[in-house]
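Undergrad: First the structure, which I've put down as C-alpha cells, then a few questions once you've had a look.
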Amino acid sequence: MLRMWRQRVTLTDLVIWGLGILILVGVVWGSIQTLRLGKYTLAIWYDLIITGLALGGVYALIALGYTLVYGILRMINFAHSEIFMSGAFTATFAADALYQAGWWNSYPVLSLLIVLLVAATVSATIAFSVERIAYRPLRYAPRLVPLITAIGTSFFLQYTFRGLYGSGQKGYPDMDIFQGAIVFGDVRILKTQLVAIVGAVIMMVILFSIVQYTKIGKAMRSVSEDKETAALMGIDVDRIISTTFLLGGISAGVAGILFLILFPVAHFFMGFVPGLKAFTSAVLGGIGNVPGAFLGGVLLGLLESVGPSLFLDGLGIPAPYQLKDAIAFTILVFILIFRPTGILGERMAQTKL
Amino acid sequence: MPILEVDNIHSYYGHIHALKGISISVKKGEIVTLIGANGAGKTTTLRTISGLMKPRHGHVRLEGEDLAPYKPHEIVYKGVAMVPEGRRIFTRLTVMENLEMGAYTRTSKPEIEQDLDRVFALFPRLKERRRQIAGTLSGGEQQMLAIGRALMARPRILLMDEPSMGLAPVLVEAIFDTIQQINKEGTTILLVEQNALMAFSIAHRGYVLQTGEIVLQDNAENLKKNPMVQKAYLGME
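Chain order of the listed sequences is A and B.
Sequential numbering of the first sequence, starting at 166, is according to this note's numbering.
Sequential numbering of the second sequence, starting at 4, is according to this note's numbering.
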C-alpha cells in the first residue's frame with residue numbers, strides 16, 4: 166500500500182503540495198492575526214469588499230470574452246485584452262468631445278450611452294476582424310499556431326493604438342452624477358462603484374440569457390460541442406463563431422467604460438493587466454463556462470481587494486496592498502496545478518474536440 | 004426524376020482513394036439501403052452527399068440540382084438531413100434543445116410544433132425526458148433523439164448512418180419499425196447499415212459496397228436471395 170503510494174507520488178508532487186499547504190497555513194494564520202489585532206474597522210472591511218465587487222464585475226465582463234471564445238474554438242484569445250483596450254481608449258476621445266461640448270454633465274445619460282456605444286462598437290469591430298483575418302485561416306492548424314498568432318495580434322493592436330493615439334495617458338472625465346457616495350447604515354458605496362457593479366450584473370444577465378435561451382445561443386453551444394454535427398443541423402458555423410467574437414467584443418467594450426469609470430485613465434498598455442486578471446478569473450471559474458466567468462471574476466476581485474489586508478497584513482508584511490497582483494497570479498498558478506478545470510468547469514477529457 | 008442522384012463520385016482522404024466511382028439513385032418515397040463491410044465507403048458516401056467532403060470527380064444532385072457549390076449547412080436548407088454515425092447528439096444540451104437545433108433551418112413556428120408532436124408520437128420516451136440533459140440518456144434513447152432531431156428538419160431525404168450500431172437486438176427492431184413508419188409517413192430514406200438482414204427487411208432496394216465500389220444493386224428481395232450476399236453479409240453458407 167505504502168509502496169504503491171510512493172511510486173505514484175513524485176518529488177514534484179510533494180514540493181507542490183508542501184507549497185500549497187504552506188500558503189494555506191500562511192493565509193489562515195495571517196487572517197487570524199489580522200482579525201485578532203483588529204487593525205481594520207468594520208467600515209474598512211465593507212469598503213474593501215465593495216471595491217472588490219466593483220473590480221470583480223469588470224474582470225467578469227472581460228473574462229466572458231475569453232470564456233466564450235475558448236468554449237467555441239478551444240483557444241485562448243490573448244488579443245482579448247487589446248480588444249478591451251481599443252474600446253476604452255477610443256471612448257476617452259468621445260468622452261472628451263462630449264465634455265468639450267458641455268454635454269457630459271448636462272446630458273449625462275445620453276453621453277454615457279454614446280461612450281458605451283463607441284466602446285462596444287470599436288471593441289466588437291476589432292474582435293470580429295481579428296477572428297476573420299488572423300484566426301479563421303488557421304482554424305484547422307495545430308493548437309499552438311493560433312495561440313502564437315493571438316499573442317502576435319495582441320502586440321500588433323497595442324502598437325497600432327500607440328501609433329494612433331500616442332503613448333501618453335489620456336484622462337477620462339469624471340461625471341458629476343457619479344460623484345459622492347451612497348450610505349446604507351455602515352456601508353458606504355461610491356457611486357462609481359455602484360455603477361460598475363450594476364452595469365456588470367446587467368451585462369452578465371443579458372449575455373447569459375442570450376447564450377442560454379436564444380436560438381443563436383443554443384447554436385453557439387451546439388457549435389462548441391461538435392462543429393461538424395452543428396453544420397449538419399444547418400448551422401452556419403463560421404457565422405456563429407463571428408457572433409461569438411462580436412458578443413465578446415461588446416462585453417469587453419462595456420467593461421472598458423466601467424473600468425474607466427473606476428480608474429479614469431486610458432493608455433495603450435491598459436489592457437494587459439486587467440486582461441491577464443480576467444483570464445485568471447475565467448480559469449478560476451472554469452473556462453468555457455459563462456456563470457463560471459462571473460463567479461471567477463467576482464471571486465478574484467474580492468480576493469485581490471480583501472486579500473492583502475486580510476492574509477498578508479497579519480503576517481507583518483509591510484505595504485501588503487502592493488502584493489495584490491501577486492495574490493491574483495498565485496491563484497492562477499495554483500488553480501492550474503490543483504484544479505485546472507476551475508470551480509464550475511467540466512473535465513477537459515469529457516469535452517469532445 | 005430521382006430525389007437524390009449520386010453520379011459516379013470519387014472521394015479521397017488525402018491520397019487514399021475511398022470512393023471509386025459510386026452511383027446511386029433514390030426515388031421519392033423509397034427506402035434504399037447501402038450495405039458493406041467496415042471501410043467499404045458507406046459513411047464516406049453519406050459524408051460526400053451531405054457536403055462534409057467534396058468529391059474530386061462526379062456529381063451529387065438533389066432533384067436535378069448539383070450540390071457541389073453548397074456548404075454542408077446550405078445543403079441542409081436544400082432538404083438533406085442526416086442521422087450521423089455514432090448518434091452525435093449534443094450531450095450538453097437538453098433533449099428539447101437538441102430537437103430545436105434539428106429544426107434550425109425552419110422558420111414557421113406552427114409547423115415546428117406540428118413536427119415536434121410527430122416526433123413525440125414516434126418516441127414517447129423523448130417527451131418524458133424533454134427537459135433532461137441529452138448526455139444522460141441511454142444509448143437507445145440517444146438514437147431516438149438523433150432520429151427525431153433529423154426529422155425536425157422535415158427533410159426531403161433522410162440519410163441514416165448505422166442507426167442499429169451499439170444497440171440491443173430488441174431496440175434494433177424497435178428502431179427499424181420506426182424507420183419503416185417514418186418512411187410510410189412520406190420521408191425518403193437512404194439507410195447505411197452493417198446489419199444487412201435488418202436493412203433488407205425494410206428497404207425497397209439496396210446497393211452492396213466493397214472497397215469503394217458498388218458490386219451489386221437490386222431490389223431487397225433479390226439481394227436477400229443472392230448467394231454472394233448471403234455468404235458475405237448474412238452469414239449463410
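All residues carry an ideal CB built from backbone N, CA and C; glycine is no exception.
Provide the residue span of the alpha helix (DSSP H) that contains A:T495, from first to last.
TA: It spans 489-503 - the alpha helix (DSSP H) in which A:T495 sits, taken as one unbroken run.
Undergrad: What are the boundary residues of the alpha helix (DSSP H) that includes A:H245?
TA: 245-265 is the span of the alpha helix (DSSP H), which, as asked, contains A:H245.
Undergrad: The beta strand (DSSP E) with A:Y305 in it runs from where to where?
TA: Segment: none, A:Y305 is in no beta strand (DSSP E) and carries neither H nor E.
Undergrad: Buried or exposed: which applies to B:R152, given that a residue is buried once 16 or more other Cβ atoms fall within 10 Å of its Cβ?
TA: Flag for B:R152 reads buried.
Undergrad: Does DSSP put B:F123 in a helix, in a strand, or in coil?
TA: If DSSP states are grouped into helix, strand and coil, B:F123 belongs with the helices.
Undergrad: Name, please, each residue of chain A whose Cβ falls closer than 9 Å to the Cβ of B:A21.
TA: In chain order: nothing, as chain A lies at least about 17 Å away.
Undergrad: Closer than 7 Å, CB to CB, is B:M163 near chain A or not?
TA: Not an interface residue.
Undergrad: For A:T401, would you say it is in contact with chain B, using Cβ-to-Cβ distances shorter than 7 Å as the test?
TA: According to the sequence shown, residue 401 of chain A is Asp rather than Thr. Judged by the 7 Å Cβ criterion, A:D401 is in contact with chain B.
Undergrad: Give the C-beta separation of B:I25 and B:G44 to the nearest angstrom, bearing in mind that I take them to be a contact with Cβ-Cβ under 8 Å.
TA: That belief holds up - the Cβ atoms of B:I25 and B:G44 are roughly 7 Å apart, short of 8 Å.
Undergrad: Is B:T190 closer than 7 Å to B:A161 when the C-beta atoms are compared?
TA: This sequence places Leu at residue 161 of chain B; Ala is not what is there. Cβ distance < 7 Å, so B:L161 and B:T190 count as in contact.
Undergrad: When the cut-off is 7 Å and only beta carbons count, does A:A514 lie next to chain B?
TA: Residue placement at A:A514 cannot be trusted, given a pLDDT of 39 that sits under 50; what the coordinates show is reported in the next sentence. So, not an interface residue.
Undergrad: Would A:A266 be called buried (16 or more neighbouring beta carbons within 10 Å of its own) or exposed?
TA: The residue in question, A:A266, is exposed, as its Cβ has fewer than 16 Cβ neighbours within 10 Å.
Undergrad: Between the C-alpha atoms of A:G191 and A:I500, what's the straight-line distance to the nearest angstrom?
TA: Looking at the two C-alpha atoms, the distance is approximately 17 Å.
Undergrad: To the nearest angstrom, how far is it from the Cα of A:I357 to the Cα of A:V455?
TA: The question names Ile, yet the displayed sequence has Thr at residue 357 of chain A. If you take the alpha carbons of A:T357 and A:V455, they lie about 25 Å apart.
Undergrad: Taking beta-carbon pairs under 9 Å, can you tell me which members of the segment 91-102 of chain B lie near chain A?
TA: Cβ contacts with chain A come from R91, I92, F93, T94, R95, L96, E100, N101.
Undergrad: Considering only residues of the same chain and omitting the five flanking positions on each side of A:L480, which have a CB-CB separation below 6 Å?
TA: Hits under 6 Å: G195.
Undergrad: Within 7 Å of any Cβ in chain B, is that where the Cβ of A:K392 sits?
TA: False, the Cβ-Cβ gap to chain B never drops below 7 Å.
Undergrad: Going by DSSP in three states, B:T36 sits in which element: helix, strand or coil?
TA: The answer is strand: DSSP assigns B:T36 an E or B state.
Undergrad: B:S14 lies in the beta strand (DSSP E); which residues open and close that run?
TA: Note, B:S14: beta strand (DSSP E), 7-16.
Undergrad: Mind checking the segment 185-197 of chain B against chain A and listing, in chain order, the residues whose C-beta falls within less than 9 Å of any C-beta there?
TA: Of all residues in the segment 185-197 of chain B, none has a Cβ within less than 9 Å of some Cβ in chain A.
Undergrad: Rounded to whole angstroms, what is the Cα-Cα separation between B:D164 and A:M398?
TA: So the two alpha carbons sit approximately 15 Å from each other.
Undergrad: With a threshold of 7 Å on Cβ separation, who are the neighbours of A:L518 within its own chain once the five nearest residues in sequence on each side are excluded?
TA: Note that A:L518 scores 34 on pLDDT, short of 50, meaning its location in the model is unreliable; the coordinates nonetheless yield the value given after this. Excluding residues within five positions, the ones whose Cβ falls inside 7 Å are R239.
Undergrad: Just to confirm before moving on: does the CB-CB distance between B:L252 and B:T47 stay below 7 Å?
TA: Chain B is shown from 4 up to 240; residue 252 of chain B falls before or after that span and cannot be answered.
Undergrad: In terms of residue numbering, what span does the alpha helix (DSSP H) encompassing B:A177 cover?
TA: 172-187 is the extent of the alpha helix (DSSP H) around B:A177.
Undergrad: Is the beta carbon of A:K383 less than 7 Å from the beta carbon of B:E100?
TA: Closer than 7 Å, so yes.
Undergrad: For B:Y73, which residues of its own chain have a beta-carbon under 8 Å away from its beta-carbon, when the five flanking residues on both sides are left out?
TA: Answer for B:Y73: G54, K81, listed in chain order.
Undergrad: Measuring CB atoms only, is the segment 367-387 of chain A touching the segment 272-279 of chain A, in the sense that at least three cross pairs come out at less than 8 Å?
TA: No: the two stretches stay apart, fewer than three of their Cβ pairs being nearer than 8 Å.
Undergrad: Between the Cα of B:N11 and those of B:T214, B:P75, B:L129, B:V63, spot the shortest distance and give me the residue it belongs to.
TA: Ranking the options by Cα distance to B:N11, first place goes to B:V63.
Undergrad: If the cut is a Cβ gap below 7 Å, which residues of chain B does A:S271 touch?
TA: The premise fails here: A:S271 is roughly 46 Å from chain B at the closest Cβ pair, so nothing lies under 7 Å.
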